[in-house]
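Step one of this worksheet: look at the structure below.
Number of protein chains: 2
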Amino acid sequence: MKKATDQDKLAAFQAYDAWVFDLDGTIWKGSTLIPGAKEFIELLRSYQKKIFFVTNNATKSRAANAAKLTSLGIPASPGEVYTSSFAAAAYLRTISFHKKAYVVGEEGLVEELSAAGISCVGGPEHRGKEIDWQDKEPHVEVDPEVGAVVVGLDRFINYYKLQYATQCLLSNDSCMFVACNTDARGHFSSTQEFAGAGTMVAAIIGCSEREPLLLGKPASFMLDHLCATHQIARDKCIVIGDRLDTDILWGIQNGAGTCCVLSGVTSESQLLSSDNKVHPSLYMDSIGDFLSVKGQLPSSCSIM
Amino acid sequence: MKKATDQDKLAAFQAYDAWVFDLDGTIWKGSTLIPGAKEFIELLRSYQKKIFFVTNNATKSRAANAAKLTSLGIPASPGEVYTSSFAAAAYLRTISFHKKAYVVGEEGLVEELSAAGISCVGGPEHRGKEIDWQDKEPHVEVDPEVGAVVVGLDRFINYYKLQYATQCLLSNDSCMFVACNTDARGHFSSTQEFAGAGTMVAAIIGCSEREPLLLGKPASFMLDHLCATHQIARDKCIVIGDRLDTDILWGIQNGAGTCCVLSGVTSESQLLSSDNKVHPSLYMDSIGDFLSVKGQLPSSCSIM
Chain A
2 MKKATDQDKL AAFQAYDAWV FDLDGTIWKG STLIPGAKEF IELLRSYQKK
52 IFFVTNNATK SRAANAAKLT SLGIPASPGE VYTSSFAAAA YLRTISFHKK
102 AYVVGEEGLV EELSAAGISC VGGPEHRGKE IDWQDKEPHV EVDPEVGAVV
152 VGLDRFINYY KLQYATQCLL SNDSCMFVAC NTDARGHFSS TQEFAGAGTM
202 VAAIIGCSER EPLLLGKPAS FMLDHLCATH QIARDKCIVI GDRLDTDILW
252 GIQNGAGTCC VLSGVTSESQ LLSSDNKVHP SLYMDSIGDF LSVKGQLPSS
302 CSIM
Chain B
2 MKKATDQDKL AAFQAYDAWV FDLDGTIWKG STLIPGAKEF IELLRSYQKK
52 IFFVTNNATK SRAANAAKLT SLGIPASPGE VYTSSFAAAA YLRTISFHKK
102 AYVVGEEGLV EELSAAGISC VGGPEHRGKE IDWQDKEPHV EVDPEVGAVV
152 VGLDRFINYY KLQYATQCLL SNDSCMFVAC NTDARGHFSS TQEFAGAGTM
202 VAAIIGCSER EPLLLGKPAS FMLDHLCATH QIARDKCIVI GDRLDTDILW
252 GIQNGAGTCC VLSGVTSESQ LLSSDNKVHP SLYMDSIGDF LSVKGQLPSS
302 CSIM
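Heads up: the protein sequence lines correspond to chains A and B, in order. Offset between the first sequence (1-based) and the working numbering: plus 1. Offset between the second sequence (1-based) and the working numbering: plus 1.
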């Protein structure tokens, strides 16, 4: 495997109608755009390519992500954004879920579930809650209407929430356990990685001894939903991302093209290591590298 | 397999010099003694049997457990009690650990580590701590002297502690990850089970992607330590407990006799199910059942 040549890039440009970008490490890092991201998205739009932004981050809503993209110079609509919190909500809607969701997660997850018509318990309203350990019989009373425990990143996790989630799962065999994503770590600053949703999901597996249904990358749900909603064939999609175990694996397992960018968590040596079994169709330093073929593209839209 | 007969009990009484009891579900439930526990321990003591109490619970120190036993009518010394927090401290002492421990756990764990001469960071002092998310570059600064992350049950778990532990493990490959125990759930009341130390351990595995060294049951360390300290052969020990996956497995894997009591979490149907692969040498309803052979024991101590 070697870095994508101009010929590889031109072939990808011709082959794929839908360009599915990861956000953190691919389009931006924290609050800074990756150089060339804006220009490359503009180029794709000028050729009427479909653009999507798909993130496992469950703390912001689709609208909040679209607003951030727009503010950084990449105009985007909420409908072009997929988040793992949207995926959780969309999944529950597809199965006509009509009970309440117990949320271990932040505002963005509650927003997406609420927008899908699902009543939420927990989430930010259980921030700072403590069990009364002075009570002779300590007890967490759970709402019997809860039919799903939905877990995303929660930077305000506490024992009360873990116990509430566990009781929902143990007291009701039919209560679902839905994981927005199982990412070990994510980025809130450029100086260190932070514990991700995989932390909260693992904690609840640890106490409930139940296994979750995963909806974020690399599970198929978001690509299934995107392709069905926008009537796009899988092999006309290319996934561009910085993570092998989520982005690239997601594309490969679901029949899409894949492009790994080295602007995030994956280094070239990790990618090329014999230990790595996840091989993208293409790789390059960053999405800005696609701009090298700008002058070689046809001036018309005949390639579409 | 069938319930122990009087003949089985007499044979066990003769065969074993050291009687190693689990506490919760075996000697007591919450703050109530299991009927017959006091009388059976007295009987064993009258025959100069060695008695030990071994619990995975890491929230109370040895002294606190001995005091509870004594207050319930079973006089016991701290040296007869083994806890998984003591095990963590004893293990670190055996390897001449001289750095600091970052504690995800409660007062009892800090007490045991401190008693072993180990400086602790975290634990109760990090209760209620929050990361400053308003900071442009949120950051958890860790003490570079930390050489081990030691994890037990922590009912005051928060994101700050999880992030601190993760940073210790990620920023220093030689930092150890020590789990007092990995019990999914424990008892703080008779009305519901509560998330156990396995919750915190799983969370830190989830974010650090590191595997811990387990010291509590069913790992061998506590039985190794007990036998070495008191010069007892493994095959002269019998483990009496209510949990198949910790107590009984621990005894079997380490060459001790085993007796499962049905006074805690294991039911007779679970024990006898074809799904269960953990078979104790003996089983009975509760340790009080041993008293049925009281009148058949020799009056002298010749059996010793």
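Positions of the beta carbon are idealized from the N, C-alpha and C atoms, including for glycine.
| Query | Result |
| --- | --- |
| Chain B contact for A:TYR17 (CB, 7 Å cutoff) | no |
| Bounding residues of the beta strand (DSSP E) (the contiguous stretch that carries B:GLU194) | 194 to 196 |
| Cutoff 7 Å: A:ILE304 Cβ touching any chain B Cβ | Because A:ILE304 sits at a pLDDT of 47, beneath the cut-off of 50, its placement in the model cannot be relied upon, and the following sentence gives the value as read from the coordinates. By this cut-off, A:ILE304 is not an interface position. |
| Cβ-based neighbour list, A:SER303, same chain, cut-off 7 Å, excluding 5 preceding and 5 following | In this prediction, A:SER303 has a pLDDT of 45, which is less than 50 and means its spatial position is unreliable; what the coordinates show is noted afterwards. Result list for A:SER303: empty, nothing under 7 Å. |
| Minimum Cβ-Cβ distance from A:SER190 to chain B less than 7 Å | yes |
| Sequence-distant residues of its chain with Cβ nearer than 6 Å to A:CYS238 (five each side left out) | ALA19, VAL21 and ALA257 |
| Same chain, Cβ closer than 6 Å to B:VAL279, five either side skipped, listed in chain order | LEU245, ILE249 and LEU250 |
| Extent of the continuous beta strand (DSSP E) to which A:LYS101 belongs | 101 to 105 |
| Under the three-state DSSP convention, the category B:TRP134 falls into | coil |
| Continuous beta strand (DSSP E) stretch holding B:ALA149: start and end | 147 to 152 |
| Buried or exposed (CB count within 10 angstroms, at least 16 for buried), B:ASP290 | buried |
| Residues sharing a beta bridge with B:ALA180, DSSP | B:VAL152 and B:LEU215 |
| Distance between B:GLU194 and B:SER47 (C-alpha atoms, nearest Å) | 36 Å |
| Residue-level contact to chain B via CB, A:GLY106, 7 Å cutoff | no |
| Segments assigned alpha helix (DSSP H), at least 4 residues, entirely inside the region 226 to 304 of chain A | 250 to 254 and 269 to 273 |
| Residue ranges of each beta strand (DSSP E) within the region 15 to 47 of chain A, 3 or longer | 19 to 22 |
| Rounded C-alpha distance that separates A:ALA38 from A:LEU216 | 27 Å |
| Residues that DSSP places opposite A:ILE325 in a beta bridge | Outside the displayed span of chain A (2 to 305) sits residue 325 of chain A, for which this structure offers no information. |
| Residue-chain proximity (A:TYR160, chain B), Cβ-Cβ < 7 Å | yes |
| CB contact flag (B:ILE35, B:SER282, <7 Å) | no |
| Distance between beta carbons of A:GLY109 and A:ALA59, contact taken as under 8 Å | 6 Å |
| Within 9 Å of chain A by C-beta, residues of the region 134 to 160 of chain B in sequence order | TRP134, ASP136, LYS137, GLU138, PRO139, HIS140, VAL141, ASP155, ARG156, PHE157, ILE158, ASN159 and TYR160 |
| Start and end residues, beta strand (DSSP E) containing A:ILE74 | It is worth fixing the name first, because residue 74 of chain A is Gly in this sequence and not Ile. Where A:GLY74 is concerned, there is no enclosing beta strand (DSSP E), given that its DSSP letter is neither H nor E. |
| Supposed close pair A:GLY197, B:ALA204 - CB separation, criterion 8 Å | Going by Cβ atoms, the distance from A:GLY197 to B:ALA204 rounds to 11 Å, so no, they are not a contact pair. |
| Residue interval of the beta strand (DSSP E) (run including A:THR84) | 82 to 84 |
| Proximity test, Cβ basis, 7 Å: A:GLU210 and chain B | yes |
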